[in-house]
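Here the structure is laid out as structure tokens; the discussion comes afterwards.
There are 4 protein chains.
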Amino acid sequence: MKTKIRAPFFETSVKNYIYGDAVLDYARAADAASKEHDVDVLFVAPYTELRRVRENTDRLIVLAPYMDALQPGRGIADVLPEALKAAGAQGVVLNHSERPMTLNAIRKTIDRANELDLLTFICADSIVEAQALALFHPDILNPEPTELIGSGNVSDMGYVREVIRAVKSIDRSILVEQAAGITTSQQVYDFIMEGSEAVGSASGILTSANPHSLLNEMIRSVSRAREDLAKRNE
Amino acid sequence: MKTKIRAPFFETSVKNYIYGDAVLDYARAADAASKEHDVDVLFVAPYTELRRVRENTDRLIVLAPYMDALQPGRGIADVLPEALKAAGAQGVVLNHSERPMTLNAIRKTIDRANELDLLTFICADSIVEAQALALFHPDILNPEPTELIGSGNVSDMGYVREVIRAVKSIDRSILVEQAAGITTSQQVYDFIMEGSEAVGSASGILTSANPHSLLNEMIRSVSRAREDLAKRNE
Amino acid sequence: MKTKIRAPFFETSVKNYIYGDAVLDYARAADAASKEHDVDVLFVAPYTELRRVRENTDRLIVLAPYMDALQPGRGIADVLPEALKAAGAQGVVLNHSERPMTLNAIRKTIDRANELDLLTFICADSIVEAQALALFHPDILNPEPTELIGSGNVSDMGYVREVIRAVKSIDRSILVEQAAGITTSQQVYDFIMEGSEAVGSASGILTSANPHSLLNEMIRSVSRAREDLAKRNE
Amino acid sequence: MKTKIRAPFFETSVKNYIYGDAVLDYARAADAASKEHDVDVLFVAPYTELRRVRENTDRLIVLAPYMDALQPGRGIADVLPEALKAAGAQGVVLNHSERPMTLNAIRKTIDRANELDLLTFICADSIVEAQALALFHPDILNPEPTELIGSGNVSDMGYVREVIRAVKSIDRSILVEQAAGITTSQQVYDFIMEGSEAVGSASGILTSANPHSLLNEMIRSVSRAREDLAKRNE
Chain A
1 MKTKIRAPFF ETSVKNYIYG DAVLDYARAA DAASKEHDVD VLFVAPYTEL RRVRENTDRL
61 IVLAPYMDAL QPGRGIADVL PEALKAAGAQ GVVLNHSERP MTLNAIRKTI DRANELDLLT
121 FICADSIVEA QALALFHPDI LNPEPTELIG SGNVSDMGYV REVIRAVKSI DRSILVEQAA
181 GITTSQQVYD FIMEGSEAVG SASGILTSAN PHSLLNEMIR SVSRAREDLA KRNE
Chain B
235 MKTKIRAPFF ETSVKNYIYG DAVLDYARAA DAASKEHDVD VLFVAPYTEL RRVRENTDRL
295 IVLAPYMDAL QPGRGIADVL PEALKAAGAQ GVVLNHSERP MTLNAIRKTI DRANELDLLT
355 FICADSIVEA QALALFHPDI LNPEPTELIG SGNVSDMGYV REVIRAVKSI DRSILVEQAA
415 GITTSQQVYD FIMEGSEAVG SASGILTSAN PHSLLNEMIR SVSRAREDLA KRNE
Chain C
469 MKTKIRAPFF ETSVKNYIYG DAVLDYARAA DAASKEHDVD VLFVAPYTEL RRVRENTDRL
529 IVLAPYMDAL QPGRGIADVL PEALKAAGAQ GVVLNHSERP MTLNAIRKTI DRANELDLLT
589 FICADSIVEA QALALFHPDI LNPEPTELIG SGNVSDMGYV REVIRAVKSI DRSILVEQAA
649 GITTSQQVYD FIMEGSEAVG SASGILTSAN PHSLLNEMIR SVSRAREDLA KRNE
Chain D
703 MKTKIRAPFF ETSVKNYIYG DAVLDYARAA DAASKEHDVD VLFVAPYTEL RRVRENTDRL
763 IVLAPYMDAL QPGRGIADVL PEALKAAGAQ GVVLNHSERP MTLNAIRKTI DRANELDLLT
823 FICADSIVEA QALALFHPDI LNPEPTELIG SGNVSDMGYV REVIRAVKSI DRSILVEQAA
883 GITTSQQVYD FIMEGSEAVG SASGILTSAN PHSLLNEMIR SVSRAREDLA KRNE
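Sequences listed follow chains A, B, C and D, in order.
Sequential numbering from 1 applies to the first sequence in my numbering.
Sequential numbering from 235 applies to the second sequence in my numbering.
Sequential numbering from 469 applies to the third sequence in my numbering.
Sequential numbering from 703 applies to the fourth sequence in my numbering.
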């Protein structure tokens, strides 16, 4: 059975900004914040750190940054789905803009993930690509709003609403995340208030002056927005 | 400083034939045989298992199956050299026939490995490619004799001698391994006796009836050949 | 303005089975059959033959087998959309199973084709991929039924109906072609009768005993099916 | 038999800066200058323009910008060597920095070119890569001096001499070209005087105010340098 995610949630990745022990430190900070604010946190760790992060944290939901669709056998440098699962990964990121995949590979790799009960976190570069990928029924869709670059806040929120509507019109159960250029906890709060089920940040945190502190604030913002939404809906 | 390798040595990889705990079991068997026969063993482990293999073995020399040349930063699904090093890798395989690289990427990635004191284990598809790559001065060259496919034993040995001569004429310090289709410990013995400084086997072992036992025999054959070579040279 | 296509139509490609003058001969045979049977024929020619095929035929609709999304400038070995247009191409094949593209590249390249009034002929590996690509509103969709391989005729026809329905439910104006393993003119006839707006064949024709004759028969079958459909609808 | 090249020669490419009729105009200008100054000119044309350039020029040596190693058959978007030959190409550029190739593909594609008597024009990113590729015995080597970027003129000439020596030490018959950032006819003259057997320019010409005029001047400079070298050697 796939790991259950409670929305709204937070997602972060170290990409390759840090490595080794710094990844574990960052994961522990994320885990502590996840528990402190009672917010689910998806944590994308490099292949080499997956097992260590999973074994040394309690509540993080650990994702691999990519995998191949291959079956056990040859493929010395390929990333085997079973190997990720065995290392403790609970899900996998696919089609990140830094590792775009062919449409066919996306579909086949989602199938492999589903076989192994790995959560599928799929990135898209536009609303229409998000809709196209929604037809494959991933667990989470993260549409990077390339249309949005250079635009102001108001259109941002229009984008958020439009992409959520576009994806949900195809499959209501897909969780929709916003993760484009998030650098402040206020943005995290605002996106959740606008209806986003998740917010993600990687570079925004890791290139900040105090990553662990900003990470905690952002996760707290998810909690705060959740409470304010609950009040609004009372 | 790079890890020192004593020739003749043995090299094995799990590719993606096995995963998770089975990799650790296989690594422990390799480590035990390495100690039992006093033979250096290079062990290529999947990214996810590098740290665990390194931490749970004493004598294995642990290699990653591939890496990118990128610097710390973006590149969510790329394999960062510093991450491999931090996970315990002592070297890296480059240009494996299952993950061919551009000439330029091979050169740049060797440079990155050297910066981090990672051993470079480079594969080549022919004698002339081995010679070309010898100009980049890797630590180990593994020329897969595609010319040899379908040929008999006699030409095999001619190939072994020719490829060693070709590589050594460019850089005497490069260690030359034979690893094409090795399935028996007798082949391991014969190749070392012929002048090969290393023999490798992955599929041949992992698709055999009793991998751990065959692995041990092959490593013992390296030891036996070393002794017989020493006697011959007395 | 894009070239208008009248359905039902026929599509063929030489892939790389033939080259040079043989491509022109084949194109002339297709052109003659197109005129003889009053059937539109899409002809996919290698880059090197696009201009010659276009200049030496009257009625063929000439397609390039692929293009990149780049703008004029660098990219010495890339296929520039403007260069195809200038050579006489009226459209382009994208995402063929022999040249799969990333989702993002497909979207951007469709945009480039639309800018230049080039017809977009998009391949998909399954019904769900066809649906996903339908969201990008290409002119023609060619879903290769990999689900179908090894199956009999009855399920084939079920597939045809299902894929047409799936694509049309998203965009009625997209023309849907069948081109999987077509080797006889009877299959061409049957697929058109079943509601397919186009049938394609490349390997099936070019590896046959008499390609020009089989090509003519297949194109005639499109005409015959068109007439029989007209009668049925009277 | 391969087309014979007389050194010193000039090489130019349109990359994708221009397309359609502008390519033919540029080719005609190159052809006229080739005849006027009695200098061999290698002209790299896009796939779509190869036949037209070859048929409409007298003296140009026409090269394709890339090819695959495949044999006739499938591979709809691949560039078949036989198709280039049939279109009039006399040679092919391989491993351009805008289309880097795996080491293995370079070797196999050189073999295919030799089978078809196509000249091989191979690019390298550094002196050591040029040396490595010299082992494959291409007809022409074009080492792009990435080491040189940002350096002054004196070290440039040191680079020219060093790369020529490095390549010739492996195979004296390989022609060595300089083509990095050439923007003036004086540079063309100086490189030939320094011992370079060829100079190339693409962007430098095509982004200049008057490309046809600069092209003519550069080709004239090859002739002038040839004469001055002859005098010097009297």
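Note that CB positions come from ideal geometry on N, CA and C, so glycine has one too.
- Check the Cα spacing between D:Leu-726 and each of C:Phe-589, C:Ile-673, C:Ala-555, C:Asp-639: the tightest is with C:Ala-555.
- If the five residues before and after B:Glu-431 are omitted, its C-beta is found closer than 6 Å to the C-beta atoms of Ala-241, Pro-242, Leu-409, Val-410, all from its own chain and listed in chain order.
- What C:Ser-594 touches in chain A, judged by beta-carbon distance under 9 Å, is Asn-104, Arg-107, going in chain order.
- Within the same chain, and ignoring the five residues on either side of B:His-330 in sequence, the residues whose Cβ sits closer than 6 Å to its Cβ are Cys-357.
- Ranked by how close their Cα comes to the Cα of A:Ala-225, the residues A:Asn-16, A:Leu-215, A:Val-188, A:Ala-209 have A:Val-188 in first place.
- B:Asn-250 is bridged by DSSP to A:Gly-73.
- Not a single CB atom of chain B sits nearer than 9 Å to the CB of A:Leu-118.
- Assignment of D:Val-741 by DSSP, reduced to helix, strand and coil, places it in the coil class.
- For B:Gly-325, the enclosing beta strand (DSSP E) covers residues 325-328.
- Put simply, the segment 471-490 of chain C touches the segment 772-785 of chain D. At least three CB pairs are less than 8 Å apart.
- Each residue's CA atom was taken as its position, placing D:Leu-908 and D:Ile-921 some 15 Å apart.
- Residues of the segment 524-552 of chain C with a C-beta atom less than 8 Å from some C-beta of chain D are Pro-533, Tyr-534, Leu-538, Pro-540, Gly-541, Arg-542, Gly-543, Ile-544, Ala-545, Asp-546, Val-547, Leu-548, Glu-550, Ala-551, Leu-552, listed in chain order.
- The beta carbon of A:Asp-117 sits closer than 7 Å to those of Met-1, Lys-2, all from its chain and outside the five residues before and after it, given in chain order.
- Per DSSP, the beta-bridge partners of B:Gln-412 are B:Val-433.
- Along the segment 339-372 of chain B, the beta strand (DSSP E) occurs as fully enclosed runs of 3 or more residues at 353-358, listed in sequence order.
- Per DSSP, the continuous beta strand (DSSP E) segment holding B:Asn-376 begins and ends at 374-377.
- What D:Ser-910 touches in chain C, judged by beta-carbon distance under 9 Å, is nothing: the nearest beta carbon there is about 15 Å away.
- From the listed residues A:Gln-186, A:Thr-57, A:Glu-162, A:Leu-42, the smallest Cα separation to A:Thr-120 is found for A:Leu-42.
- Not a single CB atom of chain D sits nearer than 9 Å to the CB of C:Pro-611.
- Membership of C:Ile-473 in any alpha helix (DSSP H) is not indicated, and neither H nor E is assigned to it by DSSP.
- Chain-ordered listing is empty here: chain C has no CB closer than 7 Å to the CB of A:Ala-113, the nearest sitting near 15 Å.
- Note that the C-beta distance between B:Asp-359 and D:Asn-806 is below 9 Å.
- Using a Cβ-Cβ cut-off of 9 Å, B:Ala-366 counts as an interface residue toward chain D, since at least one Cβ of chain D sits closer than that to its own.
- D:Thr-885 and D:Asp-858 have their alpha carbons spaced roughly 14 Å apart.
- The alpha-carbon of B:Thr-336 is positioned some 33 Å away from that of D:Ala-732.
- In this chain, the beta strand (DSSP E) harbouring A:Val-62 covers 61-64.
- Contact fails between the segment 508-526 of chain C and the segment 434-451 of chain B, because fewer than three Cβ pairs, one in each stretch, are under 8 Å apart.
- In the structure shown, D:Thr-804 adopts extended strand secondary structure according to DSSP, grouped into three states.
- Look at A:Arg-224: its C-beta is not under 9 Å from any C-beta on chain B.
- For D:Val-746, the three-state secondary structure derived from DSSP is strand.
- Between A:Pro-72 and the set A:Tyr-66, A:Glu-36, A:Arg-107, A:Glu-82, the nearest pair of CA atoms involves A:Glu-82.
- Going by beta carbons, C:Arg-520 and D:Arg-753 fall inside the 9 Å limit.
- Counted as a single uninterrupted DSSP element, the stretch harbouring C:Ser-637 is not any alpha helix (DSSP H), since DSSP gives it neither H nor E.
- In the three-state reduction of the DSSP assignment, A:Glu-11 falls in the strand class.
- With contacts defined by Cβ atoms closer than 9 Å, A:Asp-171 and A:Met-193 do not form a contacting pair.
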